[in-house]
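Peer 1: Just dropping this structure here.
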Amino acid sequence: MSGKTKRKYISELVRFNKSLKRPLCLIQEVLPYDYNKFTILNLFKELYPFEWDTIVQRYKHYKEKDNFLKSKKKQKRYYPQNPEEYFFNLQKVKHLTSHGQKLQHKKNYDAKKQAKQFYTLRKKRKGSIEKKQKRIAKVKEIIQFVEPLYIDIFINEYHRKGITVEEKIEILKELQKYESEKTIEFFYKINDSEKNNQVRRIAFNHLQNIGRYVKLRKNFKGKQKTYMIEKSNFFMKPDDLYKRIKNDSIQNKKVYDYFISHSLVDNEIVLKILRCLNSLDYSVYCDWLSDNDFLKREYISEYTILILKKRIEQSRNILFIQTSNTTDENNNLRSPWIQMELDYAKELRKNIVCIDLLQKDKCEFDVLKYDNENNILVI
């Protein structure tokens, strides 16, 4: 490992080790009369699950870096310890498991005090854990857990010579909507190597928001080129997306398995069906999820219709979610938007699948299955 790389790695390691000291000190106060290193580990996993997950992710992160170097026939740099080995070798854990510290602990042990402190700490940690879980869940709620069909095209476009900062941000915002091995790897690479400060920060924020271990790389030192500090507010409207489509941009390269035609009131049902389709490895188009950077409802216009038609063209199937919000008692559609989508799909002779939830508006289903014989989705 070169001197500069080694200093950066050791500095990061010291900071990370230091961040674990406070949690271990709190665990020290709630240890039972008899304990060993595995007792400490289990308590840490229970009370600090995100910190443990970070240890695991950190190990994988540096292991992958070493594997990459090895694949290029270069010498490994990091040699990370596996998570448990790393944990047991922490200075604080070694101290707590030393013979002298165990004797001191038994000498001062107060069962009532320990029980009270453990109850208080567990209650406090439960609140913190739930708060973070909700924050991550809110971010992931609108993410599709499937690899987009066009990911390789987008990644290649990102590395195109002469690409602008705005175009790079557009690609990042598109790939933020998916979570797969390739998208996660892509965001890590951008965080590690991108020289534009704004673009690199977008990649860092995304990884952090979905609960991934990531380090914010400092701005590049020395004389900065204009490209490094160039910025874009990326405020887009429907007509901006239409222009991109007309100019044969990456927006024309998109492909979806299903276009969801639905009522906005049924957004909870849509999200549940989206998860079901993702579990079957299908990618989905839903206007307020897939084109949320462009299709802002306050700017609805004729461009919105043209864009929705384009997305229908790019989708292999149309999925109509029929509920009391889409269809009245006479079986007529309530929304001209849904009517337009279904009429255009028929015009293109697209395969239209209907999920009838008129009697199940409360999402009373767990999974969707694909009926290969009849070529339909069933609840």
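So for the sequence shown, numbering that gives the first Met the number 0 puts the first residue at 0; every next one is plus one.
Using N, Cα and C, we set each Cβ at its ideal position, and we do this for glycine too.
A quick note: this is a predicted structure, and the numbers were derived from the prediction, not measured.
1. Between 166, 73 and 354, which lies nearest to residue 323 when the distance is taken from Cα to Cα?
2. Bridge partners of residue 81, per DSSP?
3. Measure the Cβ-Cβ separation of residue 318 and residue 258 and say whether it is below 8 Å.
4. Quick one: what does DSSP say residue 316 is sitting in, helix, strand or coil?
5. For the beta strand (DSSP E) containing residue 152, name the first residue and the last one.
6. Could you spell out the range, first to last residue, of the alpha helix (DSSP H) harbouring residue 275?
7. Mark residue 348 as exposed unless 16 or more other C-beta atoms lie within 10 angstroms of its C-beta, in which case mark it buried.
8. When the Cβ atoms of the segment 16-23 are set against those of the segment 86-93, are three or more pairs found closer than 8 Å?
9. If residue 467 and residue 164 are in contact, beta carbons under 8 Å, what's the gap, nearest whole angstrom?
10. Where does residue 158 land, buried or exposed, given buried means 16+ other C-beta within 10 angstroms?
11. Please state if the CB of residue 170 and the CB of residue 153 are separated by a distance shorter than 8 Å.
12. Let's see if you can read the secondary structure: which residues bound the beta strand (DSSP E) around residue 353?
13. Specify, as a first and last residue, the run of the beta strand (DSSP E) that residue 298 falls within.
14. Does at least one heavy atom of the ligand COA sit under 7 Å from the Cβ of residue 297?
15. May I ask which residues mark the beginning and end of the alpha helix (DSSP H) holding residue 281?
16. Quick check on DSSP: helix, strand or coil for residue 212?
17. Would you call the segment 224-237 and the segment 282-295 touching, i.e. three or more CB-CB distances under 8 Å?
18. Using DSSP bridges, identify the partner residues of residue 259.
19. Can you tell me which of 149, 357 and 313 puts its alpha carbon nearest to the alpha carbon of residue 329?
Peer 2: From the atom records:
1. 354
2. DSSP output for residue 81 lists no bridge partner at all.
3. yes
4. strand
5. No beta strand (DSSP E) contains residue 152, which is instead part of the alpha helix (DSSP H) from 150-157.
6. 266-278
7. exposed
8. yes
9. Residue 467 lies beyond the range of the chain shown here (0 to 378); nothing can be said about it.
10. exposed
11. yes
12. 350-355
13. That residue, residue 298, is in no beta strand (DSSP E); it is neither H nor E in DSSP.
14. For the structure depicted, the ligand COA is absent and the ligand set is empty, with no information on it obtainable.
15. Per DSSP, residue 281 belongs to no alpha helix (DSSP H) and is neither H nor E.
16. coil
17. yes
18. 318
19. 357
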